[in-house]
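Participant: For the numbering used here, count along the sequence shown from 1 and bump the result up by 1.
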Amino acid sequence: MDNVAQWNLYYKARIEPFPDDQAPELKALVDQIEESCSTLEGVKRQIDDTVETVKARRDGLFNPSALSETRNSNRLG
2 MDNVAQWNLY YKARIEPFPD DQAPELKALV DQIEESCSTL EGVKRQIDDT VETVKARRDG
62 LFNPSALSET RNSNRLG
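1. Using the three-state DSSP reduction, which class does Pro20 fall into: helix, strand or coil?
2. Among the residues of its own chain, which have a CB less than 8 angstroms from the CB of Ile16, if the five just before and after it don't count?
3. Take Asp21 and list the residues in its own chain whose beta-carbon comes closer than 7 angstroms to its own, dropping the five residues that flank it on each side.
4. For the alpha helix (DSSP H) containing Arg15, list its first residue and its last residue.
5. If you check the beta carbons only, do Trp8 and Ile48 fall under 8 angstroms apart?
6. Let me check understanding here. Comparing Cα to Cα, which of Ala6, Arg59, Arg58 lies closest to Ser37?
Spelled out as structure tokens, the structure:
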């Protein structure tokens with residue numbers, strides 16, 4: 002995910018080197034952002050799983066060789 006990757010790069014470059022004692026409210030914001038990133042990653046996994054399921058069903062329904070085999074078997078009786 003591009004947004005999560007961008008956050009990780011930003012965090013390493015700008016937030017991680019920042020001393021925690023200088024801005025305690027920053028820690029709460031970082032925790033909130035990391036929780037959101039985790040949620041986004043979970044949603045992406047669910048979407049990817051759904052896409053794979055749909056592709057498998059589509060391939061099962063519209064497999065051209067399966068259609069021709071069915072047509073040939075119907076002709077033969």
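Quick reminder that beta carbons are idealized off the backbone N, C-alpha and C, glycines included.
Facilitator: Put simply:
1. coil
2. Leu27, Val31
3. Same-chain partners within the cutoff: Lys28.
4. Counting along the chain, Arg15 falls outside any alpha helix (DSSP H), and DSSP gives it neither H nor E.
5. no
6. Ala6
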